[in-house]
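The next block holds one structure in the form of structure tokens; read it before the comments.
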Amino acid sequence: MNNILTEKDRKKIAEVEYDSYSPSDIGAPVTYGKGLEKKTLGSLDSVVDDKSTGLRMYVVKTDDKHYSVLFRGSESPGKDGWQKDWLDNDVPMVDKILTGGKGVTSQLSAAAAQLQKVMSEHSDAQFDVYGHSLGSMCAQYAAVKVTNPSQIGNVFAYEGPNIYSTLGAQERDTALKLRNKIHNYVDQRDAIALGYGDVFNCIGRLHRIDSKDLGVDKISQHMWGGYQWQDDGGLVEMQPNFNDMKSALSFYREHFPQFAHGKQGQFVLDSVQAEFISDAVAAHAGQLEHNIDTLHTQTVQELRDKVSRAISDMKRLLAILPYSAIDEQLYINGLTLEQVLERFENLTTSDVQASKKISNDFEQIRSSINQGIQKVMDTDSDLAQHMNDFSDSYYRSVVEPKVAQEQRHYAHVKDALTKPLKPGNSYTVMDSNRMEHK
């Protein structure tokens, strides 16, 4: 997301939320990554372990004016605190998301209070916020509840359910103000990261991951296992749905015609188009780089196998000649395995490097566009308010009715499934697959 930390670095930082730190570790260095890739994030500043809500939060001081806050995801079933996470927070939040409920659970509220507390204690500092799964919901909600959004640097939320529909008007307003600072990563193959559809129906910018399908290994799929990485640490994303962009632009021109040709309208229309187009180009370039890297790796392996096999066959069939004589002739003619691979690398390196540069350049352009839009939102209150008015109107008029329809359908199915089990109802077992209600 910037010139220092790659997408892969950010993911590794988020993984720190699952490390075991206690108050006795305060002041100790916090690292991320493993082996030769291990790096220091900063020093542990504080630990929150709220048994009453299940909240687990680390605050890491990266320098005098910057902190990273990490919200832990759900504990695995059987581990200490797992019931508090799953039964008191995960299940109720998913139910709210699917049935149209408002408000959040105790852990999300506690996360918001703790983030506000630490930000107030360091009012001149900037904060990056990380969270995965339940921690993603905590990170998103905490960010939109802060009283001073300007202290938020970036939010990196991974594989959490979409809580946007549970927010109130004030929280949605803050979410819109922070739209280009909150990055919401969603693997479409991960069943936990549910509720995402229209890009205007989520907190922050939606990053749809172009993931590998891990099949029945749903836990690894949820734990970043399907993410595909570029050699430079970039993340392969899916392209946005341009129908969403067309719908938003048409809605604006129809419902805000008096502003469409003025400064406010130009900002809204340009911002929407710039976001979608930069996302699409960056995703396409990232996919191209990944495909070229994959093809290059596969070709090198195939070339290595075929040349090695050919040399082995040659030595077997020409048994009358000593191996040294065959090796000498191969070397003279530039046909040793090392020479062949070196020539291949010389022929392809420029193309591989060009794809990396193109991908990096477009990612930098996307980042610059996002920063430019956010700067206007931070400094021009009139344009920011107009953007918020449009976004909120579009959500309530176009997106929310679709979401509500899906929520009503789920509520109906849920009621139908649970009705026979409610007290006072009885049923007769007809066979193993159906019940007759009396």
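According to the working numbering, the residues represented by the sequence shown are 1 to 438, in order. Even glycine gets a Cβ: it sits at the ideal position worked out from N, Cα and C. These numbers come from a predicted model, not from an experiment.
Task: Coil, strand or helix - ASN241 by DSSP - done: Taking the first residue of the sequence shown as position 1, residue 241 is located at position 241. Reduced to three states, the DSSP call for ASN241 is coil.
Open item on the list: Using the three-state DSSP reduction, which class does LEU5 fall into: helix, strand or coil?
Closed with: Within the sequence shown, the letter at position 5 stands for residue 5. Note: LEU5 maps to coil in three-state DSSP.
Task: Collapsed DSSP secondary structure at PHE200 in the structure displayed - done: Residue 200 sits at position 200 when you count from the first residue of the sequence shown. Coil, per DSSP.
Open item on the list: Taking a contact to mean a Cβ-Cβ separation below 9 angstroms, would you say GLY372 touches GLU7 in this structure?
Closed with: Against the sequence shown, residue 372 aligns to sequence position 372. Against the sequence shown, residue 7 aligns to sequence position 7. In this structure, GLU7 does not lie closer than 9 angstroms to GLY372 by Cβ.
- [ ] Tell me where the alpha helix (DSSP H) around ALA28 begins and ends.
- [x] Taking the first residue of the sequence shown as position 1, residue 28 is located at position 28. From DSSP, ALA28 is part of no alpha helix (DSSP H); its letter is neither H nor E.
- [ ] Taking 9 angstroms as the cut-off, decide whether the C-beta atoms of LEU44 and ASP63 are in contact.
- [x] For the purposes of this step, residue 44 is taken as the residue at position 44 of the sequence shown. For the purposes of this step, residue 63 is taken as the residue at position 63 of the sequence shown. No, Cβ-Cβ distance for LEU44 and ASP63 is not below 9 angstroms.
- [ ] Determine, using beta-carbon pairs with one atom in the stretch 29-38 and one in the stretch 85-94, whether at least three such pairs fall under 8 angstroms.
- [x] no
Task: Sequence-distant residues of its chain with Cβ nearer than 6 angstroms to VAL16 (five each side left out) - done: Walking along the sequence shown from the start, residue 16 turns up at place 16. So the qualifying residues of the chain are TYR32, LEU70.
Open item on the list: If the criterion is Cβ atoms closer than 9 angstroms, does the pair VAL155 and VAL186 meet it?
Closed with: In the sequence shown, counting from the first residue as 1, residue 155 sits at position 155. In the sequence shown, counting from the first residue as 1, residue 186 sits at position 186. Against a cut-off of 9 angstroms, the Cβ pair of VAL186 and VAL155 comes out as no contact.
Open item on the list: Can you give me the C-alpha to C-alpha distance between GLY204 and GLY225, rounded to a whole angstrom?
Closed with: By one-based count along the sequence shown, residue 204 stands at place 204. By one-based count along the sequence shown, residue 225 stands at place 225. GLY204 and GLY225: Cα-Cα distance of roughly 23 angstroms.
Open item on the list: Along the chain, where does the beta strand (DSSP E) containing ILE182 start, and where does it finish?
Closed with: By one-based count along the sequence shown, residue 182 stands at place 182. Element bounds for ILE182: 182-187.
TODO: Assuming ARG72 contacts GLY135 (C-beta within less than 8 angstroms), just tell me the rounded distance between them.
DONE: One-based indexing of the sequence shown puts residue 72 at position 72. One-based indexing of the sequence shown puts residue 135 at position 135. Yes, they are in contact, since the Cβ atoms of ARG72 and GLY135 sit about 5 angstroms apart, within 8 angstroms.
TODO: Go ahead and pull the three-state DSSP assignment for ASN154.
DONE: The sequence position of residue 154 within the sequence shown is 154, counting from 1. In the structure shown, ASN154 sits in a strand (DSSP, three-state: E or B).
Task: Cα-Cα separation between ASN2 and GLY153, rounded to whole angstroms - done: Here residue 2 corresponds to residue number 2 of the sequence shown, with the count starting at 1. Here residue 153 corresponds to residue number 153 of the sequence shown, with the count starting at 1. Its pLDDT being 42, under 50, ASN2 is placed unreliably in this model, and the value from its coordinates should be taken loosely. Those two C-alpha atoms are separated by around 11 angstroms.
Open item on the list: Quick check on the burial criterion: 16 or more other C-beta atoms within 10 angstroms. Buried or exposed for GLN188?
Closed with: If you number the sequence shown from 1, residue 188 lands on position 188. Per the 10 Å Cβ criterion, exposed.
- [ ] Could you tell me if PHE362 is buried or exposed, where buried requires 16 or more neighbouring beta carbons within 10 angstroms of its beta carbon?
- [x] Counting from 1 along the sequence shown, the entry for residue 362 is found at position 362. Buried is the call here.
Task: Expected contact under 8 angstroms - CB spacing of ASN388 and ASP244 to nearest Å - done: The sequence position of residue 388 within the sequence shown is 388, counting from 1. The sequence position of residue 244 within the sequence shown is 244, counting from 1. Contact flag wrong, Cβ pair sits at about 18 angstroms.
Open item on the list: Three or more C-beta pairs under 8 angstroms: does that hold for the stretch 257-274 against the stretch 341-353?
Closed with: no
Task: When GLN301, LEU337, ALA285 are compared against ASN360, the one with the closest alpha-carbon - done: Position 360 of the sequence shown holds residue 360. Cα-wise, what sits closest to ASN360 is ALA285.
Task: CA-to-CA distance, ALA416 to LYS438, given in whole angstroms - done: Here residue 438 is taken as the residue at index 438 of the sequence shown, counted from 1. Here residue 416 is taken as the residue at index 416 of the sequence shown, counted from 1. Only weak support exists for where LYS438 lies, its pLDDT of 37 falling under 50; the value from the coordinates is given anyway. C-alpha separation (whole angstroms): 14 angstroms.
Open item on the list: With DSSP as the reference, identify every bridge partner of ARG208, one or two as the case may be.
Closed with: As a first step, residue 208 must be located in the sequence shown, where it is residue number 208. Looking at the DSSP assignment, ARG208 forms a beta bridge with VAL186.
Open item on the list: Could you tell me which whole beta strand (DSSP E) segments of length 3 or greater appear in the stretch 257-297?
Closed with: none
TODO: Please classify TYR331: does DSSP put it in a helix, a strand, or coil?
DONE: The sequence position of residue 331 within the sequence shown is 331, counting from 1. Correct three-state label for TYR331: helix.
TODO: Starting from VAL91, trace the beta strand (DSSP E) both ways and give me its first and last residue.
DONE: Mapped onto the sequence shown, residue 91 falls at position 91. Looking at the DSSP string, VAL91 is not in any beta strand (DSSP E); the run it does join, the alpha helix (DSSP H), is 91-99.
- [ ] Return yes when the Cβ of ASP392 is within less than 9 angstroms of the Cβ of ASP293, no when it is not.
- [x] Translated into positions along the sequence shown, residue 293 becomes position 293. Translated into positions along the sequence shown, residue 392 becomes position 392. Going by C-beta atoms, ASP293 is not nearer than 9 angstroms to ASP392.
TODO: In angstroms with no decimal places, state the Cα-to-Cα distance between SER20 and TYR58.
DONE: Taking the sequence shown and counting its residues from 1, the one referred to as residue 20 is at position 20. Taking the sequence shown and counting its residues from 1, the one referred to as residue 58 is at position 58. C-alpha separation (whole angstroms): 10 angstroms.
- [ ] Counting only the same chain and skipping the five closest in sequence on each side, list residues whose C-beta sits under 7 angstroms from that of ASP9.
- [x] Here residue 9 corresponds to residue number 9 of the sequence shown, with the count starting at 1. GLY233, listed in sequence order.
- [ ] Have a look at ASN14 and SER68 and give me their C-alpha separation to the nearest angstrom.
- [x] Residue 14 sits at position 14 when you count from the first residue of the sequence shown. Residue 68 sits at position 68 when you count from the first residue of the sequence shown. The sequence shown places Ala at residue 14, not Asn. Going by the C-alpha atoms only, they are around 10 angstroms apart.
TODO: Would you decide whether LEU295 is buried or exposed? Buried here means 16 or more other CB atoms lie within 10 Å of its CB.
DONE: Here residue 295 corresponds to residue number 295 of the sequence shown, with the count starting at 1. It counts as exposed.
Task: Supposed contact pair GLN239 and ALA280 - C-beta distance, whole angstroms, cut 8 angstroms - done: Locating residue 280 in the sequence shown gives position 280, counting from the first residue. Locating residue 239 in the sequence shown gives position 239, counting from the first residue. The pair is a contact, with the Cβ atoms about 5 angstroms apart (cut-off 8 angstroms).
Open item on the list: Assuming contact is defined by CB atoms lying nearer than 9 angstroms, are GLN270 and VAL399 in contact in what I supplied?
Closed with: As a position in the sequence shown, residue 270 is number 270, starting the count at 1. As a position in the sequence shown, residue 399 is number 399, starting the count at 1. Before going on, a small fix: residue 270 reads as Asp here, not Gln. In this structure, VAL399 does not lie closer than 9 angstroms to ASP270 by Cβ.
- [ ] Entirely within the stretch 317-402 and at least 3 residues each: give me those beta strand (DSSP E) ranges in chain order.
- [x] none
Open item on the list: Looking at the secondary structure, which residues open and close the alpha helix (DSSP H) in which GLY135 lies?
Closed with: In the sequence shown, the residue the question calls residue 135 occupies position 135. Counting along the chain, the alpha helix (DSSP H) containing GLY135 begins and ends at 134-145.
Task: Bounding residues of the beta strand (DSSP E) (the contiguous stretch that carries LEU41) - done: Counting from 1 along the sequence shown, the entry for residue 41 is found at position 41. From DSSP, the beta strand (DSSP E) with LEU41 extends over 39-50.
Open item on the list: Let me check understanding here. Comparing Cα to Cα, which of LEU288, ALA142, ASN162 lies closest to VAL236?
Closed with: On the sequence shown, residue 236 is found 236 positions in, with the first residue counted as 1. Out of LEU288, ALA142, ASN162, LEU288 has the C-alpha closest to the C-alpha of VAL236.
- [ ] Under 6 angstroms Cβ to Cβ from LYS96, same chain only, skipping five residues before and after it: list those, please.
- [x] Along the sequence shown, read from residue 1 onward, the residue named residue 96 stands at position 96. Excluding sequence neighbours, LYS96 sits near THR166.
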